[in-house]
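Novice: Below you will find the structure I want to go over with you.
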Amino acid sequence: MDREIKFRFWDKTLNKMIYRALLPYDCEHKDIKVMQFTGFKDCKGVDIYEGDILTSIDIFDKSEQVYWCETYGGWMLDMTDSQDQKDGTVLGSDLEDFQFYVSGNIYENK
């Protein structure tokens with residue numbers, strides 16, 4: 032299996048997204064939010080990470096947040112901010128059925 036494992040980090044102190052393989056050693060962990068690459072790309076070929084906001088081209092510019100669902104053990108999309116498995120849909124299925132692009136994330140470009 033060839034799966035790419037990548038992370039990005041939101042530095043609360045610098046108010047900046049950091050893309051790198053390892054957590055910066057000189058950062059306090061409480062000031063960093065870790066987000067994992069989902070393994071999926073949007074319709075423009077952009078990597079989709081946890082915390083991204085995806086907007087659908089097909090469904091009247093509907094925007095949804097990407098999050099990890101422990102209950103289902105998979106990546107989900109949710110129109111609300113509740114991250115409740117009752118409100119979410121499976122990311123992989125939605126990407127097969129509709130065209131989404133990364134329009135921002137929960138920290139910047141909301």
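Every position in the sequence shown, counted from 1, becomes a number in our numbering once 31 is added.
Quick reminder that beta carbons are idealized off the backbone N, C-alpha and C, glycines included.
Bear in mind that the values here come from a model prediction, so they are computed numbers and not experimental data.
#1: Would you mind reading off the limits of the beta strand (DSSP E) that contains L45?
#2: Output the distance between the C-alpha atoms of Q130 and Q96, rounded to the nearest integer angstrom.
#3: What is the residue span of the beta strand (DSSP E) that D73 lies within?
#4: Could you check whether I84 and N46 sit closer than 9 angstroms to each other, using their CB atoms as the reference points?
#5: So what does DSSP say about D62, is it helix, strand or coil?
#6: So the beta strand (DSSP E) G123 belongs to, where does it begin and stop?
Specialist: In terms of the structure at hand:
#1: DSSP places L45 outside any beta strand (DSSP E), giving it a letter other than H or E.
#2: Rounded to whole angstroms, Q130 to Q96 spans 15 angstroms at the Cα level.
#3: Per DSSP, D73 belongs to no beta strand (DSSP E) and is neither H nor E.
#4: Not a contact, by the Cβ cut-off of 9 angstroms.
#5: Residue state for D62 is assigned as helix, using DSSP reduced to three classes.
#6: Unbroken run through G123 is the alpha helix (DSSP H), L122 to D128; no beta strand (DSSP E).
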